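Comments concern the structure below.
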Amino acid sequence: MTKEELINEAIKARAYSYSPYSKFKVGSALLTNNEEVYLGANIENASYPVTMCGERNAIYNAYCHGVKKEDIKAIAIVADTEEPCSPCGACRQVLSELLPVDTPVYLGNLKSKIKITTVKELLPFAFEPKDLNA
Ligand code: THU
């Protein structure tokens with residue numbers, strides 16, 4: 005699957021967004037080495053802080069279907085933004101622990117603008133599980 009196709013899957017995932025408060029729909033699509041795709045969208049709540057972001061839902065969806073870190077090939081994240089949608093800090097932390105550090109991250113918008121980055125680029129000098137054992 006090409007990055008454009010994966011971004012299209014992320015655009016489709018925006019339809020599942022539950023975002024009555026922000027009205028900001030985020031869709032995400034995670035691709036595995038077997039060419040399986042797991043979707044996620046942001047799910048909000050009247051208790052605002054318990055909202056879950058689209059990309060984290062895509063990652064958790066994949067893990068809940070047995071996908072392992074080493075099975076992950078790429079992830080796409082899309083919103084209706086001027087520039088390609090950039091993931092929040094909490095999502096960067098989750099990306100950095102649950103995806104291989106060199107995984108390509110395709111950031112997109114609805115204007116076919118794409119920015120290609122990696123998990124490591126999005127969160128250099130990350131807090132890691134090994135830091136807990138220091
Ligand atoms: N949101 C995401 O889904 N991903 C991000 O990386 C940034 C923010 C969602 C959370 C909330 O539902 C809405 O966008 C506005 O912040």
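If you're matching positions, the sequence shown starts at 5 in our numbering and goes up one per residue. Glycine residues also receive a C-beta, built at the ideal position from the N, C-alpha and C atoms. The structure displayed is predicted, hence computed values, not measured ones.
Contacting residues, own chain, Cβ-Cβ under 7 angstroms from Tyr22 (five flanking each side not counted): Locating residue 22 in the sequence shown gives position 18, counting from the first residue. Excluding residues within five positions, the ones whose Cβ falls inside 7 angstroms are Ile47 and Glu48.
Please report the straight-line C-alpha distance between Thr55 and Ala45, rounded to a whole angstrom. To locate residue 55, count along the sequence shown from 1; it is residue 51. To locate residue 45, count along the sequence shown from 1; it is residue 41. Our two residues, Thr55 and Ala45, have alpha carbons roughly 11 angstroms apart in a direct line.
Cβ of Cys57 within 7 angstroms of any heavy atom in ligand 1? Against the sequence shown, residue 57 aligns to sequence position 53. Checking every heavy atom of ligand 1 against the Cβ of Cys57, one is found closer than 7 angstroms.
Please report the straight-line C-alpha distance between Ala50 and Ala17, rounded to a whole angstrom. The residue given as residue 50 occupies position 46 in the sequence shown. The residue given as residue 17 occupies position 13 in the sequence shown. When only Cα atoms are considered, Ala50 and Ala17 end up about 22 angstroms apart.
Beta-carbon within less than 8 angstroms of Val105's beta-carbon, same chain only, minus the 5 sequence neighbours each way: which residues are those? As a first step, residue 105 must be located in the sequence shown, where it is residue number 101. Cβ neighbours of Val105 beyond the five flanking positions: Thr122, Val123 and Lys124.
List the residues that DSSP assigns as beta-bridge partners of Thr6. Numbered from its first residue, the sequence shown carries residue 6 at position 2. None, per the DSSP bridge assignment.
Residue(s) in a DSSP beta bridge with Tyr110: Taking the first residue of the sequence shown as 1, we reach residue 110 at position 106. Bridge partners of Tyr110: Ala80 and Ile120.
Are Tyr25 and Leu34 touching if we call contact CB-CB under 8 angstroms? Here residue 25 refers to the residue found at position 21 when the sequence shown is read from its first residue. Here residue 34 refers to the residue found at position 30 when the sequence shown is read from its first residue. Cβ atoms of Tyr25 and Leu34: not closer than 8 angstroms.
Does the beta-carbon of Cys92, which I'm using as the reference point, lie nearer than 7 angstroms to any heavy atom of ligand 1? Walking along the sequence shown from the start, residue 92 turns up at place 88. Yes, ligand 1 has a heavy atom inside 7 angstroms of this Cβ.
Reduced DSSP category for Leu35 - H, G, I as helix; E, B as strand; rest coil: Numbered from its first residue, the sequence shown carries residue 35 at position 31. In this structure, DSSP gives Leu35 an extended state, which the three-state scheme calls strand.
Say the cut is 7 angstroms; is the CB of Glu87 nearer than that to a heavy atom of ligand 3? As presented, the structure is devoid of ligand 3, carrying ligand 1 as its sole ligands.
Assumed close pair Gly70, Pro88 - CB separation to whole angstroms, cut-off 8 angstroms: As a first step, residue 70 is located in the sequence shown; it is residue number 66 there, counting from the start. As a first step, residue 88 is located in the sequence shown; it is residue number 84 there, counting from the start. No, Gly70 and Pro88 are not in contact; Cβ-Cβ is about 30 angstroms, not under 8 angstroms.
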